[in-house]
Amino acid sequence: SGAGKSAIVREFARRIAAHDELIDAQLWECDILRLERPAAISAVIELLAAMPEVILYVEGIQELLKRSPNNNDPLNDACESFRRKLPDLRVIGCMTDSSFAAIKEVEKERRVDDLMRRLQVIKVAPPKAAVTVEILRTRGPSIAEHFGVGIDDDALVRAVELAESVVSRRQPEKSLRLLEGACGLCAQARPRRDMVRAEDVGMEFRRNWSGEEQEPADRRLTHDGVLADLRAKVFGQDPALDTIARKFVAA
426 SGAGKSAIVR EFARRIAAHD ELIDAQLWEC DILRLERPAA ISAVIELLAA MPEVILYVEG
486 IQELLKRSPN NNDPLNDACE SFRRKLPDLR VIGCMTDSSF AAIKEVEKER RVDDLMRRLQ
546 VIKVAPPKAA VTVEILRTRG PSIAEHFGVG IDDDALVRAV ELAESVVSRR QPEKSLRLLE
606 GACGLCAQAR PRRDMVRAED VGMEFRRNWS GEEQEPADRR LTHDGVLADL RAKVFGQDPA
666 LDTIARKFVA A
């Protein structure tokens, strides 16, 4: 999460709302999982199947694709209705890699692949550091306006540098959250600081991000670091582990 899947869909929706001449569609967002009864979910699905001009966007679509191990789960009927109607629907859904892998594994165990054939998968990879800086430069003015502060360009670069070390979140979300925290820190400071600088980002990182899982900078993708990790798990196979470590780092 945090790589920008929903942001892409929101931009697509904005273009539809702006009557982009290249997109002939309507787009609805329906919190379909909050409908009180599975029958209501099935009714909405039947309605949309008869409206080919509508694109349904479902956040957390895995809830409608997965199969519950409990045959008495009332949501099962709605999920089956959704899966059955997929060929007749125009749907955009977002889910994480782990959710997709879990659904794929269930389908494999059932020895069916009809669902996988109906899905067109678009993977959204986290942006590189340089691209993330540009994203922050684009989003920076609105963030600065919200907090009533200015943001030095060095602070944007520093936010990306520090966020890169956090492995429990993804870019660009983690850099944006760190930058927002630094802006809030300056806005609430006494006396107030009107310009967010690189040192303010560092202070926010030390205060509120020190507990996040981080990748040790001195062992990041080095042969010795990978080999040490492998030796901690596997004993008596040093020659094979050395080969694995070298190929892993080279890849």
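Numbering-wise, the working numbering comes out as the position in the sequence shown, counting from 1, plus 425. Ideal placement from N, C-alpha and C gives every residue a C-beta, glycine not left out. As the structure is a computational prediction, the values presented were derived from the model and not from experiment.
### Task
Count the other CB atoms, across all protein chains shown, that sit within 10 Å of the CB of Glu-567; report buried if there are 16 or more and exposed otherwise.
The question names Glu, yet the displayed sequence has Ser at residue 567. Result: exposed.
### Message
Between which residues of its own chain and Asp-577 is the CB-CB distance below 8 Å, once the five residues before and five after are set aside?
### Response
Met-620, Val-621, Arg-622 and Ala-623
### Task
Under 8 Å Cβ to Cβ from Gly-575, same chain only, skipping five residues before and after it: list those, please.
Ala-569, Asp-619, Met-620 and Val-621
### Query
Buried or exposed: which applies to Phe-507, given that a residue is buried once 16 or more other Cβ atoms fall within 10 Å of its Cβ?
buried
### Message
Going by C-alpha to C-alpha distance, which of Thr-647, Pro-477 and Lys-510 sits closest to Ala-676?
### Response
Thr-647
### Task
Label Ile-480 either buried or exposed according to how many other C-beta atoms from any shown protein chain fall within 10 Å of its C-beta, with 16 as the threshold for buried.
Ile-480 comes out buried.
#### Entry: Where Arg-644 falls: helix, strand or coil (DSSP)
Residue confidence is low: Arg-644 scores 45 on pLDDT, short of 50, so the model does not pin down where it sits. Its coordinate-derived value is still stated next. In this structure, Arg-644 counts as helix in the three-state DSSP scheme.
### Query
Got a sec, what are the start and stop residues for the beta strand (DSSP E) Glu-484 sits in?
Segment 479-484, the beta strand (DSSP E) holding Glu-484.
#### Entry: 7 Å CB neighbourhood of Met-541 in its chain, flanking five on each side removed
Lys-529 and Glu-532
### Message
Please list the terminal residues of the continuous alpha helix (DSSP H) segment that includes Gly-609.
### Response
Run containing Gly-609: 598-613, per the alpha helix (DSSP H) assignment.
### Task
Identify whether Gln-545 lies in helix, strand or coil by the three-state DSSP scheme.
coil
### Task
Assign Met-628 to one of three DSSP states: helix, strand, or coil.
helix
#### Entry: First and last residue of the uninterrupted beta strand (DSSP E) at Val-516
516-519
### Query
Within the chosen definition, does the region 482-493 reach the region 440-451 through at least 3 CB pairs nearer than 8 Å?
no
### Query
Looking at C-beta atoms only, is the number of pairs between the region 582-590 and the region 600-608 that lie closer than 8 Å three or more?
yes
### Query
Short check: CB of Thr-557 to CB of Gln-596, under 8 Å?
In contact: Thr-557 and Gln-596 (Cβ atoms closer than 8 Å).
### Query
Between the beta-carbon of Ala-474 and the beta-carbon of Leu-500, is there less than 8 Å?
no
### Any non-hydrogen atom of the ligand FMN closer than 7 Å to Gln-613 Cβ
Inclusion of the ligand FMN in the displayed structure is not the case, the ligand content being empty and no account of it being possible.
#### Entry: Buried versus exposed, by CB contacts within 10 Å (16 or more), Glu-629
buried
### Task
Check Arg-656 in the structure and name its three-state DSSP category.
helix
### Message
Distance check for Asp-522 and Arg-594, CA to CA, integer angstroms please.
### Response
13 Å
#### Entry: Bridge partners - Gln-451, DSSP secondary structure assignment
Val-479.
### Query
Does DSSP classify Gly-661 as helix, strand or coil?
coil
#### Entry: Per-residue DSSP class, three states only, for Gly-650
The DSSP-derived three-state label of Gly-650 is helix.
### Message
Out of Tyr-482, Arg-543, Asp-625 and Pro-551, which one is the CA nearest neighbour of Ile-517?
### Response
Relative to Ile-517, the option among Tyr-482, Arg-543, Asp-625 and Pro-551 whose CA is nearest is Tyr-482.
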